[in-house]
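Okay, so here's the structure we're looking at.
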Amino acid sequence: MKAMLFGFVAIAVIAVGADFTLDQMGWSAQEQGASPSNVRLD
Amino acid sequence: MRDVRKIILGCIMAVLAFMFLMSWMTPGSVNAQEATTVAPEAEIDRSATGGATTLEDIMRRQQGLPVDNDYRAENVGNPESAAGLSEQLGTLGGASDPDLWRGMRFNAADVTTQVRGPAAEVLIQDRGMWWLQFREGPLLTYGGYLLLGTLGFLALFYLIRGRVRIDGEKTGRRIERFKNFERFGHWLLAGSFILLGITGLVSLMGRKFLIPAFGHEAYAWLATGSKWIHNNVSWAFMLALVMIFVMWVIHNFPDKTDLKWLAKGGGLFGGGHPPAKKFNAGQKLIFWSTIVLGVSISVSGLSLLFPFELPLFAKTFAILNTTGLPEMLGFGVLPETMTPHEEMQYAQLWHAIVSFVLMAIILAHIYIGSIGMEGAFDAMGNGMVEEQWAKEHHSLWVEEVKQREGKAPSGATPAE
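For the protein sequence lines, the chains are C and H, in the order given.
Residue 32 in our numbering sits at position 32 of the first sequence; the count goes up by one each step and never skips.
Residue 54 in our numbering sits at position 54 of the second sequence; the count goes up by one each step and never skips.
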């Protein structure tokens, strides 16, 4: 059953990693859809 | 007794198929009746209105019948012949407000915006309602019926057929069926697919079923979480899909044993266990369904994940139109030019339809790999299967293992 648990843990790790990586690469909705001249709250 | 079971099963399947067909055909027959009360589109005479909208156009639109908007879409004036800025006292043709409005309405206006992306310049998306109605209507309804019908069929099958037991006496010896790495790939795919299936259904059906039950605020949290999981877990699914393809494709090419296996119905209804290699014909069908449908879901999913970056359907439809197949099947000529939003709409529908089909197949796979067959879960649980189970369901594979590793398979362990 270890393989199953490792598989499930890997899903979580890949998901968090994908979210972080895509955001860092400029693929957030804000980066893609908003103009640099838009007012941003962050 | 076995014949009676076959007849009962056949009747149930026939009734389900008939009900599905009838429910599919009913809305079409209603529309056909309504169509007889309105003049066909080609006969509409617009001379009395000077080419503008007539009562017939309004009637057709009210009844949900197709209206050719070309007579309006092409009438967006000619800005080059417009009066100069200092001379524009009133509507002077080339730059009139109605012309400008129609230009925006039919995406013909010259729009500039600081918002980025191809969709930003489409101010009014003309082709969204049919998608919304299809998404909230047939897609949700028949997709739901498919999943519930599959669960119902499996429950009936279990009640009629019962669990597939190991027929012979158990040997107490175990054979390694799948290595750790193979099982890791399987569970990576399985876990991600279940998460994607549940979160996809939350997104598709939440408005209809979850908001009435839990309210808008609770659903807002659930929908936001579901979207995050669906978008990001998709990468695990795609990685696992590549893994299982590389690991198992060599064992999944069709061969002669598959025909014998299929002819005997896999031995599910008696008549002995047909011989099979590492994967039997049923498992091969599951494998290729997962690969083909999984790749299709992944591609349409990527198109949705990176909106407007990977348009698929205008090009695909253009290729299909050259074959003449859509017209032959009664779909007419498929649209070859689309707004960016329309591309996304087709991607969403395709993504959902193919996912529903794969979910139904995987429900059957989960059934036979767990409660449906004694000893089957061990193959993916700890990787070791009872030798008697292996001999009954994968006899040729057991012979291969024994030939490869001498008299007894090295993975075999004596009974306690």
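Ideal Cβ positions, reconstructed from N, Cα and C, are used throughout, including at glycine.
The model shown is predicted, which means the values in this text are computed figures rather than measured ones.
Own chain residues within Cβ distance below 8 Å of residue i, not counting five before or after
i: glycine 191/H; result: Ala236
i: aspartate 255/H; result: Lys277
i: valine 333/H; result: Asn321, Pro326, Glu327
i: arginine 61/H; result: Val67
i: glycine 265/H; result: Gly271
i: threonine 54/H; result: Ile44, Asp45, Arg46, Ala48
Selected residue, minimal CA-CA separation from residue i, among the options
i: asparagine 180/H; options: Val115/H, Thr322/H, Met380/H, Thr316/H; result: Met380/H
i: valine 242/H; options: Trp389/H, Trp288/H, Leu222/H; result: Trp288/H
i: glycine 172/H; options: Trp228/H, Leu320/H, Trp389/H; result: Trp389/H
i: lysine 45/H; options: Asp68/H, Gly375/H, Gln63/H, Ile368/H; result: In the sequence under discussion, the amino acid at residue 45/H is aspartate, which differs from the lysine named in the question. Answer by Cα proximity: Asp68/H.
i: isoleucine 250/H; options: Tyr158/H, Lys284/H, Asn232/H; result: Lys284/H
i: glutamate 387/H; options: Asn75/H, Gly103/H, Thr54/H, Arg177/H; result: Arg177/H
i: methionine 238/H; options: Leu5/C, Trp27/C, Gly33/C, Ile11/C; result: Ile11/C
i: isoleucine 368/H; options: Arg127/H, Glu342/H, Arg161/H; result: Arg161/H
i: leucine 204/H; options: Tyr158/H, Ala376/H, Trp131/H; result: Trp131/H
i: lysine 402/H; options: Ala52/H, Arg174/H, Leu188/H, Thr290/H; result: Arg174/H
i: serine 37/C; options: Thr113/H, Gly103/H, Tyr71/H, Met338/H; result: Thr113/H
i: leucine 312/H; options: Val292/H, Gly330/H, Leu293/H, Glu336/H; result: Glu336/H
i: leucine 195/H; options: Phe209/H, Arg183/H, Gly225/H, Met129/H; result: Gly225/H
i: valine 13/C; options: Ile198/H, Leu188/H, Lys315/H, Arg207/H; result: Leu188/H
i: glycine 168/H; options: Gly406/H, Gly375/H, Met384/H, His365/H; result: Gly375/H
i: methionine 338/H; options: Thr316/H, Ile286/H, Phe331/H; result: Thr316/H
i: alanine 155/H; options: Val292/H, Asp99/H, Val111/H, Ile366/H; result: Ile366/H
Reduced DSSP secondary structure (H/G/I, E/B, other) of residue i
i: arginine 174/H; result: strand
i: valine 67/H; result: coil
i: glutamate 342/H; result: helix
i: valine 385/H; result: strand
i: threonine 54/H; result: coil
i: glutamine 114/H; result: coil
i: aspartate 23/C; result: helix
i: lysine 260/H; result: helix
i: valine 233/H; result: helix
i: aspartate 45/H; result: coil
i: valine 202/H; result: helix
Residues of its chain near residue i, where Cβ-Cβ distance is below 7 Å and the 5 sequence neighbours each way are ignored
i: glycine 185/H; result: Ala240, Met243, Ile244, Met247
i: proline 307/H; result: Met344
i: threonine 37/H; result: The predicted position of threonine 37/H is uncertain, since its pLDDT is 46 and thus under 50; a value taken from the coordinates is nonetheless stated next. No residues qualify anywhere along the chain.
i: leucine 262/H; result: Ala281
i: glycine 103/H; result: Val76, Ala109
Neighbourhood of residue i by C-beta distance below 6 Å, restricted to the same chain and skipping five residues each side
i: alanine 73/H; result: Phe106
i: valine 164/H; result: Met373
i: valine 30/H; result: Residue placement at valine 30/H is poorly supported in this model, since its pLDDT is 33, which falls under 50; the coordinates still yield a value, given next. Taken in chain order, the list of residues that qualify is empty.
i: glutamate 182/H; result: Met247
i: phenylalanine 214/H; result: none
i: isoleucine 361/H; result: Ser289
Per DSSP, cross-strand counterpart(s) of residue i
i: methionine 373/H; result: Val164/H
Are at least three pairs of beta-carbons, each pair with one atom in the segment 348-358 of chain H and one in the segment 282-299 of chain H, less than 8 Å apart?
With the cut-off at 8 Å, the segment 348-358 of chain H and the segment 282-299 of chain H touch.
Inspect the CB distances between the segment 331-350 of chain H and the segment 302-310 of chain H and report whether three or more fall short of 8 Å.
yes
Measuring CB atoms only, is the segment 217-233 of chain H touching the segment 271-287 of chain H, in the sense that at least three cross pairs come out at less than 8 Å?
no
Quick test of the definition: if touching needs 3 or more C-beta pairs under 8 Å, does the segment 278-285 of chain H touch the segment 393-400 of chain H?
yes
Validate contact between the segment 137-147 of chain H and the segment 103-123 of chain H using beta carbons, cut 8 Å, 3 pairs:
No contact exists between the segment 137-147 of chain H and the segment 103-123 of chain H.
Tell me whether the segment 15-29 of chain C and the segment 222-232 of chain H touch, counting them as touching only if at least three CB pairs, one residue from each stretch, are closer than 8 Å.
The segment 15-29 of chain C vs the segment 222-232 of chain H: in contact.
Tell me, please, whether the segment 111-131 of chain H touches the segment 30-38 of chain C by the rule of three or more beta-carbon pairs shorter than 8 Å.
yes
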